[in-house]
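The sequence shown runs 1 to 244 under UniProt numbering. All C-beta atoms, glycine included, are put in the ideal place defined by N, C-alpha and C.
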Amino acid sequence: MALNKLPSGTAKEIHEISDVPRTRVYDAIRVLESQGLVEVQHTSPQVYRAVSIDEATQTLRQKYDPRIETLETHLRNTDVREADEDDQVQEVWSLTGHEAIESRTIELIDEAESEIALIVVDEDILSESLFDGLQTAADRDISLVLGGQTDTVTETLGDRLSTTHVFETGLDWLTGIERDDEVAISRILLVDRETLLVGSYYPNTAGSDANEQAVFARGLENGIVVLLRRLVTAGLPQIKDPGA
């Protein structure tokens, strides 16, 4: 990244622009050179130059795409033991990390067959992938009920998904943070009244996206799902609950 900001540079210049310790610059350069991402001019001192962005991305694709394809092939060909039907009734799992939680959110939205209820508290989760998934669900005639905890979130949801029911939750305790170290809800997703995802994060912590955590529950008889459905529908004062 530092070399992309420079036409070329010495280890000292890279150190100054990147804050990477100078001794570590040499190690990094050797690795990048071996991967075909950096060119070296053997002067005194040595001068380094990043290859073009197109060349770098092509090199990385050639290296990693076959590995990913091989991994996918092995995973898909793995024999997975069938779970008993009773094992599927009560499921509660945890997820860590914004990217993993967003991926599961999109997957659940894509799998919806009848209804999606989503409450958005942290506006940072309003990604293009989320909007695309919700719009696709709307195009499939899935019933969408979207709640925003703040005016900004509510307006954004309404603008991007104008044909969908959008409401302001009125659940002030979701963001009623009194201490810097207190956890807050980031999202609540309920799909087909039987699958639930609840995300949480520390809003006053730098880099909060990285420390988002979530619980994921599936099963119509699951007490957590029943409880959270009542909680979600309690926040629908402006519109009729689709399940009523």
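Is it right to say residue i is buried, meaning 16 or more other beta carbons lie within 10 angstroms of its own, or is it exposed?
i	result
H74	exposed
L71	exposed
residue 249	Residue 249 is absent from the structure shown; the chain starts at 1 and stops at 244.
R76	exposed
L60	exposed
Q188	Here residue 188 is Ile; the residue named in the question, Gln, does not match the sequence. With 16 or more Cβ atoms within 10 Å of its Cβ, I188 is classed as buried.
Y48	buried
L197	buried
L157	buried
V25	buried
E107	exposed
E14	Here the sequence assigns Ile to residue 14, which means Glu is not the residue at that position. I14 comes out buried.
S186	buried
I116	buried
G207	Legend: pLDDT at G207 = 49, less than 50; position of this residue unreliable, no value from coordinates given.
V166	buried
H227	Rather than His, the amino acid found at residue 227 in this sequence is Leu. L227 should be labelled exposed.
E212	buried
Give me the Cα-Cα distance between residue i and residue j, rounded to the nearest whole angstrom.
i	j	result
P66	L190	37 Å
A138	V153	19 Å
N4	L126	30 Å
D209	E82	Per-residue confidence for D209 stands at a pLDDT of 47, beneath the threshold of 50, marking its modelled position as unreliable; no derived number is given.
residue 246	I53	The requested residue 246 does not occur in the structure, where the chain is confined to residues 1 to 244.
A50	S94	41 Å
R30	P7	19 Å
L134	I109	7 Å
L146	T136	15 Å
S44	Q58	31 Å
L118	E182	23 Å
Q62	D141	40 Å
T164	I68	37 Å
Counting contacts by CB-CB distance shorter than 8 Å, is residue i in contact with chain D?
i	result
Q58	In summary, chain D is missing from the structure at hand, where a single protein chain is found.
For residue i, verify whether its CB is less than 7 Å away from any heavy atom of the ligand GDP.
i	result
T70	With respect to the ligand GDP, the structure shown offers nothing to examine, as it has no ligands at all.
By Cβ distance, which residues of its chain are closer than 6 Å to residue i, with the 5 residues on each side in sequence left out?
i	result
S18	A2
V215	S94, V198
Check the C-beta distance from residue i over to residue j and give it rounded, since I have them as a contact under 8 Å.
i	j	result
F131	R104	That pair is no contact at about 17 Å.
S114	S143	6 Å
A11	V92	Not a contact, Cβ separation roughly 51 Å.
Can you list, in chain order, the residues of its chain whose CB lies under 7 Å from that of residue i, leaving out five sequence neighbours each side?
i	result
D192	A112, E113, S114, E115
R22	A11, K12, H15
E33	V40
Self-check item: Inside the stretch 83 to 161 only - alpha helix (DSSP H) runs reaching at least 4 residues
Solution: When DSSP assignments are scanned along the stretch 83 to 161, the uninterrupted stretches of alpha helix (DSSP H) that are 4 or more residues long and fall wholly within it turn out to be 98 to 111, 128 to 139, 151 to 160.
Practice problem: Would you mind listing the beta strand (DSSP E) stretches within the stretch 26 to 95 that are 3+ residues and don't spill past its ends, in chain order? | Solution: Note on the stretch 26 to 95: whole beta strand (DSSP E) runs with a minimum of 3 residues are 38 to 41, 47 to 50, in chain order.
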